[in-house]
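In order, the protein sequences belong to chains A, B and C.
Just so you know, we're using our numbering here: the first sequence kicks off at 12 and counts up by one.
Just so you know, we're using our numbering here: the second sequence kicks off at 2 and counts up by one.
Just so you know, we're using our numbering here: the third sequence kicks off at 845 and counts up by one.
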Amino acid sequence: MTTVTDQATTTLKKGFVGQSIPRKEDKRLVQGLGTFFDDVRRHGMGYVHFVRSPYGHAKIVSIDVSKALELDGVYGTITGDEVAIQTDPFFEMSVEPGGNIKDYALAVGRVRHMGEPVAAVCAATRELARDAADMVEVEYDALPVLTDSEEAFKDEVVLHDDAGSNVVWSGVFDWGDVDQALAEADHVVKIERLHFHRFSSTPLECAGALVEYDRGTGEWTLTCNHQMPGVGAIWMAPALRVGIDKLRFVTHDIGGGFGNKICLHPQYVVLCLMARKLARPVQWTEWRTDQHTANAHGNERTFLDVEVAVKADGEMTGFKVRALDDCGAFPRYEPLGCIIWAQVTPGLYAWRNIRVDFTQVCTNKSPVSPNRGYSRMQHLWLTERIIDVVASELGFDPVELRKKNYVKTEQMPYETPNGCVYDSGDYAAALDLALELIDHGSIEARRKDAEARGKLLGFGIGSTLDSGTNNFGQSTLLNPDLQFSGNNEAAAVKLDIFGEVVVTLGTVPQGQGHETTAAQVVADILGCTPDQVNVRRGHDTWFNSHAGFSGTYASQFAFTGLGAVKGAAELLRDEMVKLAAFVLQAPEEAIELAEGFARIKDGPEEAALPFMALGAIVNANNAFLPPDFNPTLNHRYVCRPYFGMVDTEKKTGQLTLTYATQIHAAVVEVDPETGVVDLVDYAAVDDCGVRINPQIVEGQVHGATAHAIGAALSEEFVYDEEGTLLTSNFYDYHVPHALDMPPLKTGAMESPSPVAPLGAKGMGEGGGGGIHCICAAIQDALASAGKAIVYDSCNPPHRVWSMLQDPEATRANVSVTSR
Amino acid sequence: MLLREVDYARPATVEEAISLLAAHDGARALAGGQTLVNVMKARAAAPDVLVDLADLEELRAIGFSSDGLLEIGAMVTYAQLVASSEVEVARPILAEVAATIADVQVRNRGTVGGNVCVSDPTNHLPPLLVTLGASFTIRGAGGERTVPAEEFFVGVYVTAVGEGELLTKVSVPPSAGAGDGFSGVTIGVHGTYIANAAATVSDDGVRVALGCVDAVPVRATAMEEALAAGDLSEIAVRAAAEGLGATLDPPADAHGSADYRRRVAEVSAVRAVLQAAARRKGA
Amino acid sequence: MAGPARSRTISLDVNGEQIEYDVPARRLLVHFLRDDLGLTGTHVGCDTGNCGACTVHLNGEPVKSCMLLAVQADGAGITTVEGLAQDGELTALQQAFNAHHALQCGYCTPGMLMSATALLSKNPSPSEEDVRIAIQGNICRCTGYVNIVEAVVAAGKGT
């Protein structure tokens, strides 16, 4: 039975929910008994290796696979020409001209980024596939390369002839009256240029799939690690010219996703074609180098001509900016990033007058994907840079300036200038907690101590919001013809014949502990223990407990995923109570579910039915039930959050429902001779409302912080002028190892969400706060050595050193006009 | 990612190893494999024959020669260097630096011989062994010869070890009261060096070698001469390093411009010398 | 003396079991373990020997199995993550990982366990710094290492 409803929050009696229960997933994972897709074998399977472009931009003159096919053990090949005949280009979300881009599963006629797949070979072993790939001869004619978004915007070299322009999407967002605010301001602070760099979360398990084709039914089974199969199928089915039901996605354990396993449809379509063509299962595991060059980067965004209106007392009344987003060679999930940031338009601040002139362009770099923090992180970095630049230029204390301008807790729920509603939170209190954890009072003493050792100490704060539970209607603000709106997630809970509680989820966990938290929620509702709740691992189309937007992304599991679990469990509970009441001949109000029994409250011992009895009755012994009573003990529930419609004219509406807060604080010591930045102290405070499992929440904070530290200090996808990615492996793309991490203190607050089914907000993407606070801390450290302005989100030693050498070059970026 | 087809042999003696290397044109010695396996995965090089030195116990010894030189077999691992009481007594800087190479797994396999024979400009040991005045023993079909550090490192990935030859040991003079230092900037803690410097301060004066800035370690001879007078105060050392960067022509890459490397080379040279000076016996 | 050969019959102990197998010289140890022996607990996370997800014990010492050829393991003793728990009984370290939430996606976990197990056998009560050095060659993208360090220290103290 399926039910759809709007959200009515109920307070769940806290039992297992709220406890840091050790995870159910761990037992298999610590024994190496997890099943990651590459662990799965099929008889007669072939291994696939992609032949990839070494060029950033080139015409494909010819492809010759004949020598590869001669190699013993090679099963077959596929090229772009075949793909162009057998498939249609993938669905594009943008309006013209960007919407006219043709994106196929393999390069057709032209390559547009280094690493773009041009052909694929399939062979009996991994090594043979690799050998065969070397024997595919591809002739290229190099074309001029675009690696700079400002250059791309000029359209002197156009990447996609079908579009005729490199602009994927552009539009102006204008709320309030920023021109008025600037006119009335006591100070106008201008920042000419800020740059948010390219990096990604690089999950340790690379992407991939094992694909089987059933010739009898025309169905494909993809045993894979796609983290958003609903959307994957929407892209793939029309391209393959089949119905969605011909694609079965099966996931087991996934080694991290972080948004990097969303745009896998091009490679998966190639695998589907090969499985069908070669009549055998085919398997592809992405190489690390390929993940870095050709899978998914985070959006790179340049902010130009920022103008901020500030009153004499420090109240910031508005800002305007031109944003230029670089989505790489193909939009794919884009241009959604052009609107997603608007979920947090004002950041944590109360200003009401904001204009964003947003343009997204293609360049000859890896396509982007919704990397952890997707588009909000970039925008929140802008607002935090603004606060710190305003503070430093006008002589305000960054803590006081934030408190003055933060949205106040009394204002919650707070409607932003573009109609989003911040559901709850106390930013000032979270900031105070962060300051306490980092011992803010001792900063100046520590600064002197560092000075004596020849180091420049700096302190910085990063505030961030983790907006969760997306309204896909926001896509219509980009393209009014799109037929997407709302959101949903499904789950099913049943009682089996022997009384076992079985849960299937629509989500696709990659480490977030869904099996455990779902079991906690169900246990509280059914009156049993989490050990008695069996949550099936992973996602399977055939579980039929998924919906169109199913997946694990966008910080929404605690709302939609657990909301669906709660809904299904409550339907099951109600039915169990009704059945027990019938069997025990008691009124329903007298029945309780507790300790694994359905029993009469305070009744005699015999008046208790174990779950097994209920399961057996319904499944095997149901003749005595009256004809009008048909319990199934098997319920599927779709959690559909309610948003209302968006206004495409004003570009307003409720774009997300929940807003978790994270406030980060960092203390750095900069070596002025080398630019090396040492993170000597760090605190992160998280408020995601009710915490289903506090330990799991804290783990997410740790991980997101590590991602931010890596991004802020070393992780950068650097291209040279030929479009060659220079940081394609873990030597050059340095991620934090154990010795790179600072002493990390965390604090938690709970401002329950009034709109979420369990009062729990989605979380996990708040780590951007780390990038913001490290930038702020470096700027603070450099204040006594030339007062450079931090203009880039990534500050490895050479960049910090340059800022120390020539602070004036960065300061020329900033100007203040005062009345 | 995956290697090309290759032939593999595991000789039992050094003589067997040398004759295998001489007999096959595209043969390469396999020591710890922490670089060679990567190179072969990337297919940047594809030797036809791998001669695995794993069974050559003779190359795993750490000991002293009759004239007191610390002798380190070419197959001695970084982990062995770190744990060696001989190294600790004779030239502890070797263990100190080896302890910062990558991680435990790499240190359990990576060898001294591999580190120097690769002659990667960013490797830890080449500049260090240059300042320590190490010598390298090479054995071939024609016999054995010993080569000083300056002549050992010939170019990027090129050393004095020729076809059909094998490095068997590295000999390092004991400290005898000298102080050694090593400093630089890495990509992350214990990561690859962006620029570094090694220094030794002894009765014979100051030796400084820079890594990462050229194909092979570069002696900072002008700086050494400026410090010959014996004043090793911070002011003097900084003054001696002035202009060092301008003499260099380092590469530029994603981790730094040529100017940045020049600067880090200067700073590292200063810090290495000060470290060495502080550790010198009787300093 | 046998001349160079394209493949070799290797003889080795894997998790206490004596194995004989004919392998191509070019096969990496990690693929031998995963694909030939079906021991899929050891994982591949990168292609340049940085991430440590492939860490196993070679004669008791942690090494990256993607940086070794299977033929190099001839005559050696290999322990993988599958060899830690005996008869389904988790080791104290494995239990500590569970108790302290030291894993999220679980992909780096086998490698972490191998590095930490080796540390504990040499240093039964390691400090936080000792642990960080021991797992420096194991990349994790989920946990930030915080709980991993806590778990290993706790396992060392027997808590």
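Note that the Cβ used here is the ideal one computed from N, Cα and C, for glycine as well.
| Query | Result |
| --- | --- |
| Selection of the region 128-147 of chain A by Cβ proximity to chain B, strictly under 8 Å | Arg137, Glu138, Arg141, Asp142, Asp145 |
| Residue-level contact to chain B via CB, A:Gly734, 9 Å cutoff | no |
| Within chain B, partners of A:Ser725 - CB distance below 8 Å | Ile188, Gly189 |
| Nonlocal neighbours in the same chain, by C-beta distance under 7 Å from B:His25, ignoring five residues either side | Asp49, Val50 |
| CB contact below 9 Å: B:His256 versus chain A | yes |
| Member of A:Cys431, A:Ser403, A:Ala609 whose CA lies at the smallest distance from the CA of A:Asp791 | A:Ser403 |
| Cβ of C:Ala1038 within 9 Å of any chain B Cβ | No answer is possible for residue 1038 of chain C: it lies beyond the span of chain C, which begins at 845 and ends at 1003. |
| Beta-carbon spacing of B:Gly34, C:Leu912 below 9 Å | yes |
| C:His901, enclosing beta strand (DSSP E) - first and last residue | 899-902 |
| Enclosing beta strand (DSSP E) for A:Lys78 [first to last residue] | No beta strand (DSSP E) holds A:Lys78; the alpha helix (DSSP H) holding it covers 77-81. |
| Span of the beta strand (DSSP E) around A:Met760 | 755-760 |
| Alpha helix (DSSP H) segments (min. 4 residues) lying fully within the region 614-646 of chain A | 622-631 |
| CB contact check: B:Tyr261 to chain A, cutoff 9 Å | yes |
| Chain B contact for A:Ser813 (CB, 9 Å cutoff) | yes |
| Residue range of the unbroken beta strand (DSSP E) whose run includes C:Phe941 | Per DSSP, C:Phe941 belongs to no beta strand (DSSP E); it is in the alpha helix (DSSP H), 936-943. |
| B:Arg5: contacting residues in chain A (beta-carbon distance under 9 Å) | Glu138, Arg141, Asp142, Asp145 |
| Own chain residues within Cβ distance below 6 Å of A:Ala788, not counting five before or after | Gly469, Phe470, Gly471, Ala677, Val679 |
| Test: C:Cys952 CB closer than 9 Å to a CB of chain E | Among the chains of the structure shown, chain E does not appear; the protein chains present are A, B and C. |
| Any C-beta of chain C under 9 Å from that of A:Asn824 | no |
| Cβ-based contacts, 7 Å cut-off: residues of the region 670-703 of chain A near chain B | Glu684, Thr685, Val687 |
| Under 8 Å by beta carbon: chain C residues contacting B:Met2 | Asp891 |
| Nearest candidate by alpha-carbon position, reference A:Leu284, set A:Ile71, A:Asp697, A:His675, A:Gln97 | A:Gln97 |
| A:Tyr385 versus A:Trp352 - alpha carbon distance | 8 Å |
| Option in A:Thr296, A:Ala502, A:Pro214, A:Cys786 with minimal Cα separation from A:Arg383 | A:Pro214 |
| Coarse secondary structure for A:Arg830, derived from DSSP in three states | coil |
| Those residues which DSSP pairs with A:Asn481 across a bridge | A:Thr667 |
| B:Gly192 at chain A interface by Cβ criterion, 9 Å | yes |
| A:Thr669 vs A:Lys577 beta-carbon contact at 9 Å | no |
| Counted within 10 angstroms of its Cβ, other Cβ atoms place A:Ile89 as buried (16 or more) or exposed | buried |
| 8 Å contact criterion, which B:Leu220 and B:Val202 should meet: CB distance rounded | In the sequence on display, residue 220 of chain B carries Arg and not Leu. Contact flag wrong, Cβ pair sits at about 15 Å. |
| C:Glu905 at chain B interface by Cβ criterion, 9 Å | yes |
| C-alpha distance - A:Gln823 paired with A:Val400, whole-angstrom precision | Here residue 823 of chain A is Ala; the residue named in the question, Gln, does not match the sequence. So the two alpha carbons sit approximately 13 Å from each other. |
| is_contact[C:Pro868, chain A] using C-beta, thresh 9 Å | yes |
| Backbone CA spacing between B:Val7 and B:Ile188 [nearest angstrom] | 33 Å |
| Bounding residues of the beta strand (DSSP E) (the contiguous stretch that carries A:Phe554) | Segment: none, A:Phe554 is in no beta strand (DSSP E) and carries neither H nor E. |
| Neighbour-count burial assignment, A:Pro277, 16 or more Cβ in a 10 Å radius | buried |
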